[in-house]
Amino acid sequence: MTAGPAHTSSREAGVSLIEILVGISILAIVAFAVTLSITPGGPAIEREADRLAARLNQAEAEAIASGAPVGLAVEGAGEGYAFYRLVDGRWWPVRDHPTLTEYRFDGALRLRAEETRPVAPEAAARAALYPAIWFDPAGMTEPFRLRLSADDGAEIELDWQAAGRIERTARG
Numbered sequence: 004m005t006a007g008p009a010h011t012s013s014r015e016a017g018v019s020l021i022e023i024l025v026g027i028s029i030l031a032i033v034a035f036a037v038t039l040s041i042t043p044g045g046p047a048i049e050r051e052a053d054r055l056a057a058r059l060n061q062a063e064a065e066a067i068a069s070g071a072p073v074g075l076a077v078e079g080a081g082e083g084y085a086f087y088r089l090v091d092g093r094w095w096p097v098r099d100h101p102t103l104t105e106y107r108f109d110g111a112l113r114l115r116a117e118e119t120r121p122v123a124p125e126a127a128a129r130a131a132l133y134p135a136i137w138f139d140p141a142g143m144t145e146p147f148r149l150r151l152s153a154d155d156g157a158e159i160e161l162d163w164q165a166a167g168r169i170e171r172t173a174r175g
């Protein structure tokens, strides 16, 4: 009698979705660190736009990996921004992530989130309770626009497209 080949169970074969998402998150963190370390020393607005774009990509990856929405809120009069995570129906500041920390500009820059879709007046009143932008854990984030402006009149728009691509436009 000959022994047949050993069969592995379907649980032992392949890689789980969680393992893939963890791997993608690790790659995103490494890419973010590399991006920040090689950013050339150009105008401050250029560096900050690069930093913000990298953090937006990281926020999307974190939302997908964690299974919880991650939001971006413009702080104060646009002098900075912070990331939040939706937990048990409330938005909490992200404090346990190495790159999604609260960030303040040096004083010469301002950030503004612009609506790219119509908002009902009653929804606008409630909007102050939520981050201006949030990344869906299923990867279905709505398009949005951020405008970074400098005191010298220079502006950079970051447009998040439905496919997760960021289009960057410099003005001024």
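Under my numbering, the first residue of the sequence shown is numbered 4, with each subsequent residue one higher. All residues carry an ideal CB built from backbone N, CA and C; glycine is no exception.
Cβ neighbours of residue i in the same chain (closer than 6 Å, five flanking residues each side left out)
i: G142; result: I67
i: A173; result: I159
Under 7 Å between C-beta atoms of residue i and residue j
i: V77; j: A116; result: yes
i: R148; j: D162; result: yes
i: G83; j: R107; result: yes
i: L114; j: A153; result: no
i: P101; j: Y87; result: no
Minimum C-alpha distance to residue i - residue among the options
i: A135; options: Q164, A85, E105 and S19; result: A85
i: D91; options: A111, G70, H100 and L103; result: G70
i: S28; options: F108, L103 and E170; result: L103
i: A34; options: E49, Q61 and R50; result: Q61
Contacting residues, own chain, Cβ-Cβ under 7 Å from residue i (five flanking each side not counted)
i: D139; result: A66 and P72
i: A165; result: P146
Whole-number beta carbon distance between residue j and residue i, since they are thought to touch under 8 Å
i: R171; j: A47; result: The pair is not a contact, with the Cβ atoms about 16 Å apart (cut-off 8 Å).
Sequence-distant residues of the same chain with beta carbon closer than 8 Å to residue i, five excluded per side
i: I169; result: A56, L59, N60, L161, D162 and W163
Segments assigned beta strand (DSSP E), at least 3 residues, entirely inside the region 68 to 97: 73 to 78, 83 to 90 and 93 to 96
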